[in-house]
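Q: Numbering (my numbering), first residue to last: -14 to 235. Built from N, CA and C at the ideal position, the CB exists for glycine as well. Since we're looking at a predicted model, the values are computed, not measured.
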Ligand code: PEP
């Protein structure tokens, strides 16, 4: 039985005061015996600060880690998985579409980042998803299969890795795929995982849906076959809406 995961990606939002207010409000409701897992991914400027707040029942993660395998060195602006870990975070995202789009991250780079994170002991959410042009061209399944094959490293397990399917055209737009489309993609990702990692790991690995998840559509999306939770951007910036989504988990 895969425990659902409700994950918030705060993106480039939050000065110290905002982060403290948001994190405190989210953490206040969490307990160690919830029937779902919860993760928040603050931006790097407040990551250590948030990780130092009492956060029983909620994991704290980064939004990215450096590509280099070096733990430190001449990589201006980069933050290694080792440094993320040192800040007190235990998770990270890699391969978010905004990293792929604005920083030209390829599948090979995403895979290397996932290896660095897993090697450091960080549980790693690998983000994949097709663009609108790819969906319109009928290539969504082919794209997510390729991304799964090329981004998920051999060292991934159901314990140290989670996949997040986020159609690029659904992120921050208010548009969501039909539940049939979500089911088709998640089944394809699980099938591809079985080919990459073997049937057992694939069966146990969580696959999240992300892209305009809101309290209003959470229940429907979280009930789709093979949807093991949600990665949430905009609606994770308010404790009430983030929790309302979490409370839609059966
Ligand atoms: C995201 O960026 O990971 C995301 C899913 O954003 P939103 O929920 O705002 O669409």
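Within 10 angstroms of the Cβ of residue 54, are there 16 or more other Cβ atoms? Answer buried if so, exposed if not.
A: Within the chain shown, residue 54 is the residue found at index 69, counting from 1. With fewer than 16 Cβ atoms within 10 Å of its Cβ, residue 54 is classed as exposed.
Q: Counting Cβ pairs closer than 8 Å, one from the stretch 175 to 187 and one from the stretch 199 to 209, do we hit at least three?
A: no
Q: Would you decide whether residue 171 is buried or exposed? Buried here means 16 or more other CB atoms lie within 10 Å of its CB.
A: Residue numbering aside, residue 171 sits at position 186 when the chain shown is read from its first letter. Under this definition residue 171 is a buried residue.
Q: What are the complete beta strand (DSSP E) segments, minimum 3 residues, inside the stretch 4 to 51?
A: 22 to 26, 43 to 47
Q: In its own chain, which residues sit with a C-beta less than 7 Å from the C-beta of residue 105, not counting the 5 before and 5 after it?
A: Here residue 105 refers to the residue found at position 120 of the chain shown. So the list reads 66, 67, 70, once near-sequence residues are dropped.
Q: Grouping DSSP H, G and I as helix and E and B as strand, with all else coil, what is residue 147?
A: Stepping through the chain shown from its first residue, residue 147 is reached at position 162. Residue state, collapsed to three classes: strand.
Q: Is residue 48 near residue 20, with beta carbons less than 8 Å apart?
A: Position 63 of the chain shown, counted from the start, is the residue given in the question as residue 48. Position 35 of the chain shown, counted from the start, is the residue given in the question as residue 20. Not closer than 8 Å, so no.
Q: Of the choices 233, 130, 83, whose alpha-carbon is the least far from that of residue 155?
A: Walking along the chain shown from the start, residue 155 turns up at place 170. Selected option, being the one with the closest Cα: 83.
Q: Using 10 angstroms around the beta-carbon of residue 221, count the other beta-carbons present and answer buried if the total reaches 16, otherwise exposed.
A: The residue given as residue 221 occupies position 236 in the chain shown. Result: buried.
Q: Report the residue from 127, 51, 130, -8 whose alpha carbon sits nearest the alpha carbon of residue 99.
A: In the chain shown, residue 99 corresponds to position 114, counting from 1. The shortest C-alpha separation from residue 99 is found at 51.
Q: On the DSSP letters alone, give me the boundaries of the alpha helix (DSSP H) that residue 230 sits inside.
A: By one-based count along the chain shown, residue 230 stands at place 245. That run of the alpha helix (DSSP H) goes 224 to 231.
Q: Which one of 173, 103, 136 has the shortest CA to CA distance from residue 93?
A: Locating residue 93 in the chain shown gives position 108, where the first residue counts as 1. Ranking the options by Cα distance to residue 93, first place goes to 136.
Q: Buried or exposed: where does residue 87 fall if 16 or more other Cβ atoms within 10 Å of its Cβ makes it buried?
A: Residue numbering aside, residue 87 sits at position 102 when the chain shown is read from its first letter. That one is exposed.
Q: What residue range does the alpha helix (DSSP H) around residue 170 cover?
A: By 1-based counting over the chain shown, the position of residue 170 is 185. Residues 164 to 182.
Q: Could you check the C-alpha separation between residue 110 and residue 127 for me, to the nearest Å?
A: The residue labelled residue 110 in the question sits at position 125 within the chain shown. The residue labelled residue 127 in the question sits at position 142 within the chain shown. Computed Cα separation, rounded: 20 Å.
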